[in-house]
Amino acid sequence: MSDVDVRAVADAELPAWLRAVQAGFLQSFAAMSDEAVANLRGRRPPTRTWGAFDGGRVVGTFRSFGQEVTAVGGAPVAANAVSGVTVAPTHRRRGILNRMMAVDLAAAKERGDVVATLVSAEYPIYGRYGFGPATWVTDWSVDVLRSGLDPRWSGPDEPGARIDLVDGDDVRKVGPELHERLRAVRHGVINRDEDWWLRNTGQQATREFPWQEPFYALYRDPSGRVDGLVAYRTTNDEWDGSRLPQNTATVLSMTAVTPAAERALWHYVCAIDKVITVETGWLPPDDLLPQLLPDPRAARVTRHADWLWVRILDVVRALEARTYAVPGSLVLEIADGAGLAGGRYRLDATPDGAACVPTGASAELTLDVAELAELWLGDASAVRLAELGRITEGRAGAAALADALFRTPRRPWCPDLF
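Sequential numbering of the sequence shown, starting at 2, is according to this note's numbering.
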């Protein structure tokens, strides 16, 4: 391990670093284009792109950047988003990831970030660093012909509402405000900066990351306000005149801030002429879609997976940032092997907010910081975690009280990959 140097990546080393990232994700081991390097250079924090170097070769990569994640109740929380994590297959089991993770999380803690976040390519890796899966996603495949929806559907049910096909320029104008409205009402959603909108409307295409323009459809309510946006691509099977075209619409993103917008956009996608299958992309597991169909069995689950992982860096600020379903108090003993967020805390929670302070009182629930991360956005059950042996009750009924406090009527959702 001593012959591997872990340090911030210099500007001149970015091409080699990006090449190592691509190789780590089995995408390519070819030289990166000038455009790809320029895109990374423009959006990377200078001190938050880490590399592990063995001589002149990059054998490990790690990047973090500033992010906000919406807590229960709508408050934005400062997060340290982790991405681009790789270790070369020639250098595994040498503690390289341990070193990169330790230096980055320590810097995030010093900077004042409340949590760290990532999307895990492999489940077993990140629990040992205090991360826990805090949101999940579900993909459905909809058999349109079986769904029971009216194929003659011609527009929203709400008088005066409408759906408009638009282009990327329109999306860059109205998309950011719509997403901010979503963040205010859906916990687990992360922010999208200007670079995100450029990258996801084709403005940063390169040889390595080519762009195919999708279709975009906006839902406008009767006042003309944009309440929903769907982006999708379709196949275009050649029609021989003897059968129904067998096309598929694949949804790339669905943003709806009202149930009316969500219902209308799903009906729109399922009513596109010549489309018989709709692939939904990643949605919250409790999405409205299956029950929007007259025959919910027409929506078949094709994937259900963990998505946003969270690592608590500041217990007090994390627990005080969110609201709670009912009033109540709990003393929590938090174990943190990295020494970043451990301790014993008293949480006094209310539906309007909470106070959290260190305490010497006896612990009522003892849990690892990773389990606290699973509870934080309201998705996991403390009772279930206790039955799994991952939470210990110091007082009978404490896990049930934690469920009453932490769990939410709608499940958290992160619609983005980073």
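Glycine residues also receive a C-beta, built at the ideal position from the N, C-alpha and C atoms.
Residue 91 carries a helical assignment under DSSP once its states are collapsed to helix, strand and coil. Straight-line measurement puts the Cα of residue 315 at about 23 angstroms from the Cα of residue 395. Within its own chain, the residues whose Cβ lies closer than 7 angstroms to the Cβ of residue 161, once the five positions on either side in sequence are excluded, are 223, listed in chain order.
Straight-line measurement puts the Cα of residue 289 at about 13 angstroms from the Cα of residue 143. Burial check for residue 322: the Cβ neighbour count within 10 Å reaches 16 or more, so the residue is buried.
Residue range 169-186 is occupied by the alpha helix (DSSP H) that includes residue 176, with no beta strand (DSSP E) assigned at that position. Distances from the alpha-carbon of residue 302 to those of 296, 291, 35 put 291 closest. Non-local C-beta neighbours of residue 320 in its own chain, meaning closer than 7 angstroms and more than five positions away in sequence, comprise 348, 355, 357, ordered along the chain.
Here residue 267 is buried, its C-beta having at least 16 other C-beta atoms within 10 Å. Between the segment 157-175 and the segment 116-125 there are fewer than three inter-stretch CB-CB distances shorter than 8 angstroms, so the stretches are not counted as touching. Contact between residue 36 and residue 207 holds: their C-beta atoms lie close to 4 angstroms from each other, under 8 angstroms. Residue pairing by DSSP leaves residue 212 without any beta bridge partner. Where residue 267 is concerned, the enclosing alpha helix (DSSP H) starts and stops at 260-271. Listed in chain order, the non-local C-beta contacts of residue 371 below 8 angstroms within the same chain comprise 128, 131, 132, 133, 312, local neighbours out to five positions each way being set aside.
Looking at the backbone, the Cα of residue 54 and that of residue 4 are separated by about 9 angstroms. Per DSSP, residue 407 is one residue of the alpha helix (DSSP H) stretching across 399-407.
Between residue 270 and residue 252, the C-beta spacing is below 8 angstroms. Contact annotation: residue 219 and residue 203 have beta-carbon atoms that are not nearer than 8 angstroms.
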